[in-house]
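Protein chains in written order, with the numbering used here: chain P, 930 to 1462; chain B, -13 to 540.
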Amino acid sequence: RSARRLFQSPRSATGADCPAGGSSVVSVKMGLSSAAEIDGAQLCIFDLRRGQQEGQELDKILFFHPADCPILLQLSVIGLCEGIITFTRIFSPEDDCEVIESDKHCHVFYQAEPDIWMVLVVQKIKDNESTLRFGALQGILKESHSLFAMFHGPIRTLLDRQPSAEFARGHLHTFVTDYLSDFSVGKKLQLPTYRDSLTERGTVQMLTVSREVALEVQSLTTVLGSCLRNVICQSIVLFEDLLVSTTLPLDDTLNLYTYAILRLTPSALSSNGNSWSYLRKGGYVNADTTLSSANGAAAAERYNSRSRDTSPGGQNQMHHNFRPLQREKLSKGKDGFVAADFATTEIRGAVPLNPILWFHQAEERMYLCVYQHKNLTILLVIPASSLINGEEGIAHVKRHLLENASQNIVTVEQKLSRGWGGENAYHVGGYRYILSDPNRKVSRASPPGKVITLSKDSLLALNRLRGEIDLEKSRAKRSDPTHDKDYEVCIRAKNNAWIIAKISRGKELYMAIEKGGETLLYASTAVEKFSNR
Amino acid sequence: QFSAGGIVKLPKFEMVMSKSEANNKPVLAAADVHIVTVYGRIYCLQLDRVGMALNLYRFYRDAVVQQGTLPVYSSRIAVSAVDNIIMVHQIDAKVVILYDVFMDSYAPISAPLPLLVRGLASNSKQAAQPADQQSSAYGGTLYGEGWNFLIPDLICDAENGLLWKLHLDLEAIAASTSDAPSILEFLQRRKSDLSMVKTLSLAIVRTTILERRPITLVAKAMDIILDSYSRSMKTVGGAAGVRRTSEQNQQSSFQPVEDSRVVSQEPPGTMIGPVINTDSASGVESRQSQSNSGVEHGIANLAAHVDRSSLNTSSDSDGITNTSRAVSQATSSSQISDATGKRPQVVGEDSQPLASGTSMQHGTHVASVAISPIEMVQSVFVLVEDEMMGDPAYLIAVIMEFLRSLSKAGLKAPPDLYVMMTALLACSNRYAEIALFVSNKILEPSRELAMQLIELGRQHSLTRKLGVDMLRERCLHHDYVAALLQDGYYLEALRYARKYKVITVQPSLFLEEAVAKNSTPNLAAVLSFFAELTPSFKTTLDYSRYRHILLEMV
């Protein structure tokens, strides 16, 4: 049996450990017959404050995937989850229940907002218990929720505004379904497994640039920031799929970055379908301005839901037609803009950034304007309050951007491309690694093309090691939240590869070295080398 | 014919002259040709009366090339050169248009400016009676009939028997345009009145910032200043110090002379300026200095003096101040005769092309015009910081542009600037950007910056971590260990101290932490660690004290 199970069992056996430390993992031996009937994964979102009376349980459910799942089954899954949540709260009022592992299923919990839970149920295939890492699965829940909140605001706010929850359900349905479409293979969801153990969801990958280029980029962001005369616009600059600069706080940056990687960067756009690439060619043809080579990005329509309570007319518009994650929509909706202005590329939508993170004001609507020049993607965030007449104001900002920033954009793009080492720029020969800083939400990893070359054994071992470290970390955090603990673990996997985890001053490094002949000393020297980065 | 006359002492240019002649129309009169030397280059300006334009030719060693055309607004013009500025006097309009042709730009530096007669202050001060009368009488006759424009920057007033010298009133010129970058460019190329140039330049940068002009404009201004600084660093090398002293010497030596001589100063006004430095390389100048050296010496002295006086009064003038000065009559007459005698042919009526050269100031001061990054920080950023607190974002952007200019010029910024920038970022709550800038080295690591980050870390613990990490990267072992201890990482600190042999941190600090954590084994371990590390530790007071504590804990 796995190591996880080993050190879990004494806890669940006594049950006494829970009140002290709070239980993050509860081992449940009982059969979950209801869930067992379903193939593949399920994802549900429910609100514990709703449907308190018997017979109204259905009201709890805000979202369920797959949607065609029988209602009874949905209810039984949610009933089980609610039961577990309530049960564990007795022992651990502070910390949420995070995962249930049963023989055939793994339930991953995430309390997205107070009393709003997201649960992912993953079926275990035989002998694969160590292929899943619950931290990685929870990452999916977190990511989808924060993206949702970025576009639609917190679920709770939606529910408070409209107790019938019609809009909340509608939005969740389209949004999360669109989000999950990235994972679906055929009808099933292909969730991250051990093969993804050298990736970290919820982190930003940075492009390392020289000081000179960085200053150049800053000068660009200054110009971008002054697109509105009186208010400073925030901006994020990406090159390829890597972040170059940002003026936003960490979490907002992360959300926008994630969105950009999913849908906006050139590589994401190119997978958006044929109509898209056709239009992009059109942009190149119209080559009489400096910006002619700009690729168009898609446009989404305006989103008005936040103004619902002030302007009743907004209600209709917000209904179901704002789908920032829908690929086809992105390319199609752009048509209009591109026809009007081939050179520019933008998306418009009011983006209410996560209010908790958005420090200016609890609920500030922001317009997102996306501009792309070759491999450079610029996300400009414009406070909606500063644009009195939305559409016109945006058009003005766009014009301003083209007039003033285009020179800088071209320069920056050239400099970045010159310094760009290509896809494998951050490959370090001999190592497969991921280095992440959860505090700053930054990570850097071996390029995926290189990670594939690792053998299954190494990846499995790595995955398990990461699971262990995750547990260890959360335990340490509970005992002393302010104090970072340092760890270093070296494991020799079945195939003689060295699997190493090192946490030092909050930075985490996981790596695999497939050089069976080498000694532990060699491995730890290699780690030393990395820790200096 | 013309060429033969003009180039008596410039055989090299004879050919050249004739060529330019060939380009000209047959109606060309000698009076329509002016020769000036600026930046060590010789230009010939030829007035096209029909086209109302002034054609500008540059003489090269073996060719004459037309460089551009300057507009003319008067049927009579005169040309002077002061401090490498070409002044075209539009005599009918009684104004002067200034051109700085250094970068081959032929746009005027500013709008046409009037001449101002200066010297009242000096008059009263000097108590020169005859001059007083003359000056008051003189007022209305600027550009009078009797004016002969001489050599580079002199005007001989035949009617009144006075000799005027042209000066540039930089302050007034600077005040007359709002185009900060170009005026800075202009100022940075001036070789006269260095401290003035510097103060003015700094003031201009300050105002641009305080007025929140567009960042691009400020950036351009910074580029210019730093460019000129890095250029001067290259050419001057380490000689700056020497130069400065020589300058001082000059000034002090002037003083007595002026006092005695300025007596007859008058407030006449022609333009601008102080003496020109020219490169000795050109034949023209050397000739010049030979021929006129005596005279010029005197003039230079006077010029320096007037300058000063003109500054005092310049605030009430709206345009340019022209300080010219009549040298005492004796001198002036001798000068005139000297000059006229020398080249009667060329002189024509009003214009006298001459290259200027004052050998005495040769090559000095290049360094001191330039403003170093440290000076920028001290006299611009530090001064504006308080006033800009309401809008830190703008100041941050300005500093960012400054850093960019610095790196373009290959210069280093003083750590103070980074500290200031970090503080500004922090007070606008932009901690994420601090992290970004530290990680991409826009904020260059230094001990000062690390300490600032740690200080700011009180509000934002991640920032503190950045600072602590910076200490480690800079190998500031003592500070790093101290910072770790402050955070309560006493075991890590101990490990680090052992690895890098940090013995400067008090053992009691470690022990205190261990006691605070109430961990008996750790306290014991720390105690024995120090006992082994430093043999003398067992004899110290700390040892016995913490041993006692340990025993009590057990």
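Think of the CB as a built atom: it goes at the ideal place given N, C-alpha and C, for glycine as much as any other residue.
Exposure of B/K487 is indicated by the presence of fewer than 16 other C-beta atoms within 10 angstroms of its C-beta. P/L1088 is the residue among P/S1384, P/L1149 and P/L1088 whose C-alpha sits nearest the C-alpha of P/L977. Cα atoms of B/P167 and B/D209: separation of roughly 9 Å, rounded to the nearest angstrom. Under the three-state reduction of DSSP output, B/N134 falls in the strand class.
Between P/S1031 and P/N1392, the CB-CB gap reaches or exceeds 8 Å. Closest by C-alpha distance to P/I1045, out of P/H1034, P/I1007 and P/L1066, is P/I1007.
Between B/L99 and B/V81, the C-beta gap is smaller than 8 Å, which places the two residues in contact. P/Y1360: not part of any beta strand (DSSP E); DSSP gives it neither H nor E. Identification of chain B residues near P/P1367 by a Cβ-Cβ cut-off of 9 Å yields none; the smallest Cβ-Cβ distance measures about 11 Å.
Chain-ordered listing is empty here: chain P has no CB closer than 8 Å to the CB of B/S216, the nearest sitting near 15 Å. B/V65 is positioned such that its CB atom lies closer than 8 Å to that of B/I72.
For P/S1433, the enclosing beta strand (DSSP E) covers residues W1427 to S1433.
Among the CB atoms of chain B, one or more fall inside 8 Å of the CB of P/V1138.
Beta bridge pairing from DSSP links B/A39 with B/D34 and B/P57.
Beta bridge pairing from DSSP links B/K151 with B/L140. Of the candidates B/A469, B/A479, B/A510 and B/P431, the residue whose Cα lies closest to the Cα of B/E441 is B/A469. Here the alpha carbon of P/R1062 sits roughly 8 Å from the alpha carbon of P/R1395.
P/T1151 belongs to the set of residues whose beta carbon lies under 8 Å from a beta carbon in chain B.
Take the alpha-carbon of P/E1332 and the one of B/S432: they are about 38 Å apart. Under the three-state reduction of DSSP output, P/I1165 falls in the strand class. Against chain P, the beta carbon of B/R390 has neighbours under 9 Å at E1141, L1144, E1145, Q1147 and S1148, listed in chain order. Burial is judged here by how many other beta carbons sit within 10 angstroms of a residue's own beta carbon; P/N1159 has fewer than 16 and is exposed.
Annotation: the continuous alpha helix (DSSP H) that includes P/T1015 extends over I1000 to F1020. Nearest C-alpha to B/I77 among B/V87, B/A67, B/Y43 and B/N134: B/N134.
In the three-state DSSP reduction, P/S1113 falls in the strand class (E or B). At a beta-carbon threshold of 9 Å, the residues of chain P lying near B/K427 are S1139, R1140 and A1143, ordered along the chain. Annotation for P/S1073: V1105 and Y1108 place their beta carbon closer than 7 Å to its own, counting only its chain and skipping 5 residues before and after. With a threshold of 8 Å between beta carbons, B/G376 makes no contact with chain P. Below 8 Å, enough C-beta pairs join the segment 1340 to 1360 of chain P and the segment 1370 to 1378 of chain P to call them touching: three or more. Annotation: B/D528 is outside any beta strand (DSSP E); the continuous alpha helix (DSSP H) that includes it extends over L527 to M539. In the same chain as B/A356, and ignoring 5 residues on each side of it, the C-beta atoms closer than 6 Å to its own belong to S214, Y215 and S218, in chain order.
For P/P1178, a Cβ of chain B is located within less than 8 Å of the residue's own Cβ.
Contacts between B/S505 and chain P, judged by CB atoms closer than 8 Å, are missing: the closest CB pair is about 12 Å apart. As DSSP reads the structure, B/Y85 sits in a beta bridge with B/I72 and B/P94. Judged by beta-carbon spacing, P/L1383 lies beyond the 8 Å limit of P/I1338, meaning their Cβ atoms are not closer than that value. Residue contact check for P/T1306 against chain B: no CB pair falls below 8 Å.
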